[in-house]
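Chains as they are written, first to last, in my numbering: chain R, 1380 to 1933; chain Z, 8 to 236.
Inspection log for the structure reproduced underneath, given as structure tokens.
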């Protein structure tokens, strides 16, 4: 058909103009496809990261947080700061209970942080409420892992030398003792004259008569016993020694982490569910088993089969889990009863996870719980999602706020470019179009030809744009930036400092998944761009008066 | 005199040029009979091209009346004028006005296509027309590869495509050397005789004008002399 050959000739022989128009449309379409793909990718990432409760089969979470006022579903009311302090006192390290000095010790302290505990019976109250399809309890604690050597504490005292001087009068010999002495001396050949005299003088002790030398050995043997050995008792006054000791050297290292107690009898609702297991398996009934969050496992080099020694009880890691952001997340999960026993929190929980029987019941259940359990903090999926922050949320927000605007701007820019190029082309072909009118082409035929050329360029632009868009989406998938989402639970009150806040992070690689709809959108946009440009050009061509067109100097 | 084809009564056409008004055609009365070969002669700006466009339904007069075969061109709508251009008129321009992206053959087909011809019949008819002007051998060439004379022959073949009752030629030899220009004039005159087509040529070339049996001299938008009167 002549008109198609004419169209083809125009496109082929005016290559630069055609290439410019097609490129403009193609870039516009490719950008729209890429932005749509990115937006879709962000939406998907958001659904993963920002709808955390859905992943754990939960619509609502119930906790007991710190409140300034009193009252609430605490044991005996309360819920104020005093309770927080009391609940977290067990973190004090008693060195005397860690073992013998020099021994290596490992000890874990389990604290509720600012998420106070309550009796498990409260969970039963919630499960019986109308509109509740299922509920499970959990115990989420902050753990302080301490490891090191029990220090030796040695005290050394120095005391100066002491001299005791004793002066005591000796009781004279009794008559009996004198007789006994004389008899004994006589037996040894020593006789008494007058009173005992010095040797060589008259009188005194003599052996065998006068002139005998003093016999010292006989005298020693004959003395009464009380004069032979001095026996006495001293008593020193009581005194107190006081010395300040230097602190002992120690290598105790404290590492905080979070630990969750899971009701493993309900594997589809809880702090972590079967769905979150990324490798290994979920809990089986009984046994010392643990699940570890993938991020914590990577940090601590743990894997399925690793052992965790918690205060002497060895737990085996049976699975790695990827808990959802914003939920009640922990680094390590144990069966609820095991954790209760370890943490001396028998029968206690600090979170109730609730699933409503239908989505429309959520609001009513929330209100009912708040009424039954005064002071309870009841969070819906939206509340939890609102706590998620990070570049993913920023990018998603940007996508929501600017994505559509950007797509429209890009599409309009592409349309405008195509329309301007077409108008420019028509402007340069005024004499040609005037000649066509002169040789009998009706206005309709001229406009149809111009529009036809634009539409053909639109088709080419659409094909090129879709190919470019797909290529861009593939490149984004291969080299896309990573986005992070973070969520903090617990409270940052100064009572416990940062340790009371649990922050979970999730890193996602941005992808730009395409769909048939997006590709069709690109095609339609390019065709619309071609039509729009053709309409603009056709309108200009239609307005041309043949005589004026022929007078135009090109 | 033969049957009247055109009848012009007090026709005028003005243009604005800045603040002033140019009277390109100023109250012309003229009658053209069927089969005539008329030369509108005069210097540039005398109004001959404007008068040619008014005759060919490419423009409308600001005043006066123009009748073609009794139909008032001054009051007909765009569609009717386009229909007349399609079926009754053939145009030849000084600049040839060929479509540069189309071959010689396709340029002729461009004038035949609106008549509903397509495929082989379209091709054959265009080929025959080019053959008639002696350019059948060059039919696949683009205008840029043809000489000025060849391009004008293609333009004449295109003008003949609708078997027009009138051929309106505006300075057809203006861009040609004298020999080629003379050949083109011979071609036009011969075709007019063979087909009984009325030919109106606007030219400032006195030699070309001398070839026409009837000459109308113009100055400042008015007819100053008509030979024969």
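All C-beta atoms in this analysis are idealised placements derived from N, C-alpha and C, irrespective of residue type, glycine included.
From a predicted model like this one, the values you see are computed outputs, not experimental measurements.
Taking the alpha carbon of residue i as the reference point, which residue from the options has its own alpha carbon closest?
| i | options | result |
| --- | --- | --- |
| residue 1618 of chain R | R/1727, R/1538, R/1823, R/1844 | R/1538 |
| residue 1388 of chain R | Z/110, Z/175, Z/16 | Z/110 |
| residue 1556 of chain R | R/1607, R/1546, R/1596, R/1517 | R/1607 |
| residue 1715 of chain R | R/1755, R/1736, R/1685, R/1638 | R/1638 |
| residue 1686 of chain R | R/1711, R/1663, R/1701 | R/1711 |
| residue 214 of chain Z | Z/188, Z/231, Z/206, Z/201 | Z/188 |
| residue 4 of chain Z | Z/85, Z/112, Z/15, Z/220 | Outside the shown range of chain Z, which is 8 to 236, sits residue 4 of chain Z, and nothing can be said about it. |
| residue 1917 of chain R | R/1891, R/1855, R/1823, R/1851 | R/1823 |
| residue 1791 of chain R | R/1383, R/1561, R/1403, R/1394 | R/1403 |
| residue 1418 of chain R | R/1928, R/1889, R/1911 | R/1889 |
| residue 57 of chain Z | Z/39, Z/38, Z/29, Z/42 | Z/29 |
| residue 190 of chain Z | Z/32, Z/121, Z/140 | Z/140 |
| residue 116 of chain Z | Z/64, Z/35, Z/11, Z/167 | Z/167 |
| residue 202 of chain Z | Z/142, Z/136, Z/220 | Z/136 |
| residue 1505 of chain R | R/1697, R/1441, R/1411 | R/1441 |
| residue 1728 of chain R | R/1610, R/1510, R/1516, R/1747 | R/1516 |
Tell me which residue opens and which closes the beta strand (DSSP E) that residue i is part of.
| i | result |
| --- | --- |
| residue 1486 of chain R | 1483–1490 |
| residue 1628 of chain R | That residue, residue 1628 of chain R, is in no beta strand (DSSP E); it is neither H nor E in DSSP. |
| residue 1669 of chain R | 1668–1672 |
| residue 47 of chain Z | 44–48 |
| residue 1935 of chain R | Only positions 1380 to 1933 of chain R appear in this structure, which leaves residue 1935 of chain R out of reach. |
| residue 96 of chain Z | 96–99 |
| residue 30 of chain Z | 27–40 |
| residue 124 of chain Z | No beta strand (DSSP E) holds residue 124 of chain Z; DSSP gives it neither H nor E. |
With residue i as the anchor, note down where its alpha helix (DSSP H) starts and where it stops.
| i | result |
| --- | --- |
| residue 1800 of chain R | 1783–1807 |
| residue 115 of chain Z | 111–119 |
| residue 187 of chain Z | 185–202 |
| residue 1897 of chain R | 1895–1922 |
| residue 1390 of chain R | 1381–1392 |
| residue 213 of chain Z | 213–217 |
| residue 76 of chain Z | Looking at the DSSP string, residue 76 of chain Z is not in any alpha helix (DSSP H), and its letter there is neither H nor E. |
| residue 1556 of chain R | 1554–1566 |
| residue 1925 of chain R | 1925–1930 |
| residue 55 of chain Z | 55–62 |
| residue 1825 of chain R | 1822–1858 |
What does DSSP give as the partner residues of residue i in its beta bridges?
| i | result |
| --- | --- |
| residue 1731 of chain R | R/1441, R/1516 |
| residue 1686 of chain R | R/1695 |
| residue 225 of chain Z | Z/230 |
| residue 1609 of chain R | Partner(s): none; residue 1609 of chain R has no beta bridge. |
| residue 19 of chain Z | Z/70 |
| residue 1713 of chain R | R/1640 |
| residue 177 of chain Z | Z/209 |
| residue 1755 of chain R | R/1443 |
| residue 1659 of chain R | R/1698 |
| residue 1525 of chain R | R/1486, R/1633 |
| residue 1423 of chain R | DSSP lists no partner for residue 1423 of chain R. |
Please state whether the Cβ-Cβ distance between residue i and residue j is less than 8 Å.
| i | j | result |
| --- | --- | --- |
| residue 153 of chain Z | residue 179 of chain Z | no |
| residue 66 of chain Z | residue 20 of chain Z | yes |
| residue 1485 of chain R | residue 1688 of chain R | yes |
| residue 173 of chain Z | residue 95 of chain Z | yes |
| residue 74 of chain Z | residue 80 of chain Z | yes |
| residue 1401 of chain R | residue 1831 of chain R | no |
| residue 1718 of chain R | residue 1640 of chain R | yes |
| residue 1726 of chain R | residue 1498 of chain R | yes |
| residue 1438 of chain R | residue 1651 of chain R | no |
| residue 1934 of chain R | residue 1800 of chain R | Because chain R here runs from 1380 to 1933, residue 1934 of chain R falls outside it and cannot be looked at. |
| residue 1416 of chain R | residue 1731 of chain R | no |
| residue 1675 of chain R | residue 1636 of chain R | yes |
| residue 1490 of chain R | residue 1521 of chain R | yes |
| residue 258 of chain Z | residue 91 of chain Z | Outside the displayed span of chain Z (8 to 236) sits residue 258 of chain Z, for which this structure offers no information. |
Residues from the region 1385–1410 of chain R in contact with chain Z, defined by Cβ distance under 7 Å: 1385, 1388, 1389, 1392, 1393
Against chain R: residues of the region 43–75 of chain Z by CB proximity under 9 Å: 56, 57, 60, 61, 63, 64, 65, 66, 67
Contact list for the region 179–210 of chain Z against chain R, Cβ threshold 8 Å: none
Residues of the region 1814–1836 of chain R with Cβ closer than 8 Å to any Cβ of chain Z, in chain order: 1814, 1815, 1816, 1817, 1818, 1819, 1820, 1821, 1822, 1824
Contacting positions in the region 104–128 of chain Z - beta carbon closer than 9 Å to chain R: 104, 105, 106, 107, 108, 109, 110, 113, 116, 117, 118, 119, 120, 121, 122, 124, 125, 126
Residues from the region 215–228 of chain Z in contact with chain R, defined by Cβ distance under 7 Å: none
Against chain Z: residues of the region 1796–1814 of chain R by CB proximity under 7 Å: 1810, 1811, 1814
Against chain R: residues of the region 159–178 of chain Z by CB proximity under 7 Å: 165, 169
Residues of the region 11–37 of chain Z with Cβ closer than 8 Å to any Cβ of chain R, in chain order: none
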